[in-house]
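For reference, the structure discussed in these notes is given below.
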Amino acid sequence: MDSHKLLIELTLLPAGRHIAFSKEVLEKVHVYRRVGTAGDAWQQVATNARSPFIDTEAFPAGTTLEYHVQHFNQQDAFEGHSNIVRTTL
Numbered sequence: 867m868d869s870h871k872l873l874i875e876l877t878l879l880p881a882g883r884h885i886a887f888s889k890e891v892l893e894k895v896h897v898y899r900r901v902g903t904a905g906d907a908w909q910q911v912a913t914n915a916r917s918p919f920i921d922t923e924a925f926p927a928g929t930t931l932e933y934h935v936q937h938f939n940q941q942d943a944f945e946g947h948s949n950i951v952r953t954t955l
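Its first residue numbered 867, the sequence shown is counted upward by one per residue in the working numbering.
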């Protein structure tokens, strides 16, 4: 799998965090988020997501959020994960 295909972009919008990623037609992409820094656990926030995914959950100002996506084929075999994007609200 091409690693450039696994890049995601995070944009802040009034509605929430806009996460854009590429996805093959038959591929499944799950979105993960963690609150805080590297020591915190990842939480799956979307299953078989479409791009863009908008995370509308509210967090207090000053909260740092990180996101990445994981790619799976039709048989649910893991194919790879994206870069990690981070923002502070």
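Yeah, the Cβ is synthetic: ideal placement off N, Cα and C, and Gly gets one too. Predicted, not measured: the structure shown is a model, and the values here were computed from it.
Between the C-alpha atoms of E945 and T930, what's the straight-line distance to the nearest angstrom? 27 Å
Since L876 and V935 are thought to touch, with beta carbons under 8 Å apart, how far apart are those beta carbons, to the nearest angstrom? The Cβ separation is near 11 Å, so there is no contact.
Taking buried to mean at least 16 other C-beta atoms within 10 Å of its own C-beta, is L872 buried or exposed? buried
So the beta strand (DSSP E) L873 belongs to, where does it begin and stop? Careful: L873 lies outside any beta strand (DSSP E) and carries neither H nor E.
In three-state DSSP terms, what is A912? strand
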